[in-house]
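2 protein chains.
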Amino acid sequence: MQENARFSGKAATRRTDIRRENERLILTAAEKVFAEAGYGGATMQLIADMAGLPKANLHYYFATKEDLYRRVVQEIFEIWLNAAASFDAASTPAEGIGAYIEAKMDISRRHPHGSKVWAAEVMQGAPVIQDYLETTLRDWTENRARVIQGWIDAGQMAPVNPRHLLYMLWAMTQHYADFGHQIETLNGGAPLTDRQWQEATESVKTIILRGVGLG
Amino acid sequence: MQENARFSGKAATRRTDIRRENERLILTAAEKVFAEAGYGGATMQLIADMAGLPKANLHYYFATKEDLYRRVVQEIFEIWLNAAASFDAASTPAEGIGAYIEAKMDISRRHPHGSKVWAAEVMQGAPVIQDYLETTLRDWTENRARVIQGWIDAGQMAPVNPRHLLYMLWAMTQHYADFGHQIETLNGGAPLTDRQWQEATESVKTIILRGVGLG
DNA sequence: GTCTATATTTCGATAGAC
DNA sequence: GTCTATCGAAATATAGAC
Chain A
160 MQENARFSGK AATRRTDIRR ENERLILTAA EKVFAEAGYG GATMQLIADM
210 AGLPKANLHY YFATKEDLYR RVVQEIFEIW LNAAASFDAA STPAEGIGAY
260 IEAKMDISRR HPHGSKVWAA EVMQGAPVIQ DYLETTLRDW TENRARVIQG
310 WIDAGQMAPV NPRHLLYMLW AMTQHYADFG HQIETLNGGA PLTDRQWQEA
360 TESVKTIILR GVGLG
Chain B
160 MQENARFSGK AATRRTDIRR ENERLILTAA EKVFAEAGYG GATMQLIADM
210 AGLPKANLHY YFATKEDLYR RVVQEIFEIW LNAAASFDAA STPAEGIGAY
260 IEAKMDISRR HPHGSKVWAA EVMQGAPVIQ DYLETTLRDW TENRARVIQG
310 WIDAGQMAPV NPRHLLYMLW AMTQHYADFG HQIETLNGGA PLTDRQWQEA
360 TESVKTIILR GVGLG
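Line by line, the protein sequences are chains A and B. Per our numbering, the first sequence starts with residue 160, numbered consecutively. Per our numbering, the second sequence starts with residue 160, numbered consecutively.
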């Protein structure tokens, strides 16, 4: 039976599906627990309970707590990298920066846990993903800084330091995820509504675009 | 001898000094360890080693790990509240917002550990300082939002949502502390120099002030 | 006030039956 | 692939001599 399964496309697919589904279940739970408790405060037991699986199963799919954590951090990083498309596809600085703000704000709303895990990882000195900072993120940043500098040189926007502009964009958009609890408290204890998220996005866009001479 | 010390002003002072000095030693070490490892990742042993004291002494001065942590969070919060003076003392919006940015950027540089501890606390849902958010911070925010709205109503600056402007100011200034490691990595692995901190502050001021119609 | 030794709990990880 | 039982390490906190 097991031998047959090895050569059965259907069984192999089912086995693969189980693995993928359980990994997804665990990763989703882990993202939430790591965000809410930090790496040190998170326990495999908590993650297992939230995923609805015995703790031992987590170790079956992810050898160690750190392996599981690394996967969670990688996922949010890739999501952010993909948001660069909004930036690159633009023909004008107003369009590019505006679309990037919208994309990043949308990610903050849809993936607040991942954003927090990344923030905590960086705040602690990026012990696990330092290599990403030095390779992928560094390249990404230099390329976009060059694009912005090109816009400035062409007289399409005010002369600002491209790197600091990028830092400001990251800071503001991710703030709505990372400090979402504080914002919610200051909002009377209620999460931002659709309307309020739109207003937040518009506020950031308005101030930044006018701030770089595109208002 | 001990009985005499109780009634000796000099001995009482010395005893108080020892307490204050040791508490300061422990709080400084704790701020750093909590920032670099998170609450869950921090250990009393690590803090004790960094403070140069036996672990048991920490429990003599601070009953529990959480008590020690709470004190660390309170300190950065008070430092930020004091930065409001820059805001309130101003007679024009450009002066007030500009001075507030400078004050907050200066705090980010001088107290990066405290800023990170606060950020981690808020990201985890403010389990320890939720009451501060609901009382002191809420009052603080409403008062400053009213001041900003007053400037807008008087036609002294562009009409922007005062709350989102405050969030943006917090996000950008604290980003230089909380994501300092990322910025350092993107800076070629070197911490920002005096000159670069000044450039960062000017970038934030320039974009924000122009962004609210004060450029 | 200081410090060593230790009690108690809890965690990450694994063994082994099913 | 799943799950119970458990090991060994490490954590908070305290007891008690000095």
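Think of the CB as a built atom: it goes at the ideal place given N, C-alpha and C, for glycine as much as any other residue.
{"Check": "Alpha carbon to alpha carbon, how far is B/Gln357 from B/Thr365? Give it in angstroms, no decimals.", "Outcome": "12 Å"}
{"Check": "Is the region 195-212 of chain A in contact with the region 242-253 of chain A, if contact means three or more CB pairs nearer than 8 Å?", "Outcome": "no"}
{"Check": "So which residues on chain B does A/Thr294 lean against when the C-beta distance must stay under 7 Å?", "Outcome": "The premise fails here: A/Thr294 is roughly 10 Å from chain B at the closest Cβ pair, so nothing lies under 7 Å."}
{"Check": "Within the 8 Å Cβ cut-off, does A/Ile288 reach chain B?", "Outcome": "no"}
{"Check": "Strictly below 8 Å CB to CB, what residues from chain A border B/Ala195?", "Outcome": "Going by the sequence as given, residue 195 of chain B is Glu instead of Ala. Near B/Glu195 (Cβ distances below 8 Å), the residues of chain A are Gln283, Gly284."}
{"Check": "Check the C-beta distance from B/Ala188 over to B/Ala210 and give it rounded, since I have them as a contact under 8 Å.", "Outcome": "4 Å"}
{"Check": "Among the residues of its own chain, which have a CB less than 7 Å from the CB of B/Val276, if the five just before and after it don't count?", "Outcome": "Glu190, Phe193, Ala194, Val231, Val232, Ile235"}
{"Check": "Taking B/Ala279 as the query, report the chain A residues whose CB atoms sit under 7 Å from its CB, ordered along the chain.", "Outcome": "Gly197, Ala279, Met282"}
{"Check": "Between the beta-carbon of A/Leu325 and the beta-carbon of A/Thr300, is there less than 8 Å?", "Outcome": "yes"}
{"Check": "Can you pull the chain B neighbours of A/Ala362, defined as C-beta to C-beta under 9 Å?", "Outcome": "Before going further, note that residue 362 of chain A is Ser rather than Ala in the sequence given. Correct list: Val319, Asn320, Arg322, His323, Leu324, Tyr326, Met327."}
{"Check": "Is it the case that the Cβ atoms of A/Gly284 and B/His340 are separated by a distance below 8 Å?", "Outcome": "yes"}
{"Check": "Rounded to the nearest angstrom, how far is the Cβ of A/Gly199 from that of B/Gly197, given a contact under 8 Å?", "Outcome": "5 Å"}
{"Check": "Could you confirm whether any beta carbon from chain A is found closer than 8 Å to the beta carbon of B/Ala170?", "Outcome": "no"}
{"Check": "Chain B beta carbons: is any one of them nearer than 8 Å to that of A/Phe236?", "Outcome": "no"}
{"Check": "Using the rule of at least 16 other Cβ atoms within 10 Å of the residue's Cβ for burial, across every protein chain shown, is A/Asp226 buried or exposed?", "Outcome": "exposed"}
{"Check": "Within 8 Å (strictly less), CB to CB, does A/Gly370 reach chain B?", "Outcome": "yes"}
{"Check": "Spatial neighbours of A/Val287 within its chain, please: C-beta separation below 8 Å, excluding the five flanking residues on both sides.", "Outcome": "Glu225, Tyr228, Arg229, Val232, Glu280"}
{"Check": "With 16 as the cutoff for other CB atoms within 10 Å, does B/Arg165 come out buried or exposed?", "Outcome": "Summary for B/Arg165: the model assigns pLDDT 48, below 50, so the residue's position carries little reliability; its value from the coordinates is reported in the next sentence. Exposed: under 16 other Cβ atoms inside 10 Å."}
{"Check": "For A/Leu212, name the three-state secondary structure that DSSP assigns.", "Outcome": "coil"}
{"Check": "Should B/Ile266 go down as buried or exposed, given a rule of 16 or more other Cβ atoms within 10 Å for buried?", "Outcome": "buried"}
{"Check": "Assuming A/Gly372 contacts A/Met316 under a Cβ cut-off of 8 Å, what Cβ separation, rounded to an integer in Å, is found between them?", "Outcome": "5 Å"}
{"Check": "Pop quiz: A/Ile238 and A/His270 are said to be a contact at Cβ under 8 Å. What is the actual Cβ separation, rounded to whole angstroms?", "Outcome": "6 Å"}
{"Check": "Against B/Ala297, what residues of chain A qualify as contacts under a CB-to-CB distance less than 8 Å, listed in chain order?", "Outcome": "According to the sequence as given, residue 297 of chain B is Arg; it is not Ala. What B/Arg297 touches in chain A: Thr344, Leu345."}
{"Check": "DSSP state of A/Thr294, grouped into three classes?", "Outcome": "helix"}
{"Check": "Within 8 Å (strictly less), CB to CB, does B/Asp337 reach chain A?", "Outcome": "yes"}
{"Check": "Under 8 Å between C-beta atoms, does B/Met316 make it to chain A?", "Outcome": "no"}
{"Check": "What number of angstroms, rounded off, separates the C-alpha of A/Ser250 from the C-alpha of A/Gly309?", "Outcome": "12 Å"}
{"Check": "Measuring alpha carbon to alpha carbon, tell me which of A/Glu180, A/Gln355, A/Thr344 ends up nearest B/Leu292.", "Outcome": "A/Thr344"}
{"Check": "Please report how far the alpha carbon of A/Gly257 lies from the alpha carbon of A/Thr360, in whole angstroms.", "Outcome": "9 Å"}
{"Check": "Taking only the alpha-carbon atoms, compute the straight-line gap between A/Asn181 and A/Thr172 and give it to the nearest angstrom.", "Outcome": "14 Å"}
{"Check": "Does the separation of the CB atoms of B/Pro318 and B/Ile307 fall below 8 Å?", "Outcome": "no"}
{"Check": "Could you check what DSSP says for B/Ala170 in three-state terms: helix, strand or coil?", "Outcome": "helix"}
{"Check": "Which residue from A/Asp298, A/Ala278, A/Leu351 puts its Cα closest to that of B/Gln333?", "Outcome": "A/Ala278"}
{"Check": "With DSSP collapsed to three states, give me the class of A/Ser250.", "Outcome": "coil"}
{"Check": "Taking the alpha carbon of B/Gln355 as the reference point, which residue from B/Gly370, B/Arg303, B/Asp176, B/Tyr335 has its own alpha carbon closest?", "Outcome": "B/Tyr335"}
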